[in-house]
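Just below is one structure, and these are the notes that go with it.
Structure representation (structure tokens):
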């Protein structure tokens, strides 16, 4: 293999991982937004109710991120009905993985001051699927 081709190949392998990584912005602060949720059964502490039919629900949420170290962060996720501690990581490819007391969310940064978190919970008595667009205040 010619020397120039080997150099080009080496540069490609070194550059690709650097391009794949996403820079993590400073996420600390207060984020707010309203959820768009569907609930089956008992729900959770944020979305309660009864019944065997799925029901649409919405609630105002606040995510307060008080600690961040690179891709890792923690804080509090709250609605008027409930508050819980959360921990999260930001994947090198961009998605946010957040876990709370009884479920988890997968998130996406939409802009430097906007993120979407989509939450899922499954238990014997309830199911919740919810997405919330949060804006940093």
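Numbering (my numbering), first residue to last: 394 to 530.
Backbone N, C-alpha and C define an ideal beta-carbon position, used for all residues, glycine too.
- Nearest in C-alpha terms to residue 434, of all of 478, 474 and 444, is 444.
- In the structure shown, residue 479 adopts extended strand secondary structure according to DSSP, grouped into three states.
- Bounds of any beta strand (DSSP E) do not take in residue 441, whose DSSP letter is neither H nor E.
- Taking a contact to require three or more Cβ pairs closer than 8 Å, the stretch 444 to 455 and the stretch 482 to 490 do not qualify as touching.
- With distances taken between CA atoms, residue 439 lies nearest to 493 out of 530, 493, 508 and 529.
- By the criterion of a C-beta distance shorter than 7 Å, residue 420 is surrounded in its chain by 458, 461 and 466, once the five residues flanking it on both sides are discounted.
- In the DSSP assignment, residue 434 forms a beta bridge with 519.
- Residue 530 sits close to residue 425, with the two beta carbons spaced by under 8 Å.
- Pairing residue 480 with residue 491, the inter-Cα distance amounts to about 6 Å.
- Secondary structure note for residue 453: its beta strand (DSSP E) is the uninterrupted segment 453 to 462.
- Of 464, 509 and 501, the smallest CA-CA separation from residue 416 is found for 464.
- Under the three-state reduction of DSSP output, residue 507 falls in the strand class.
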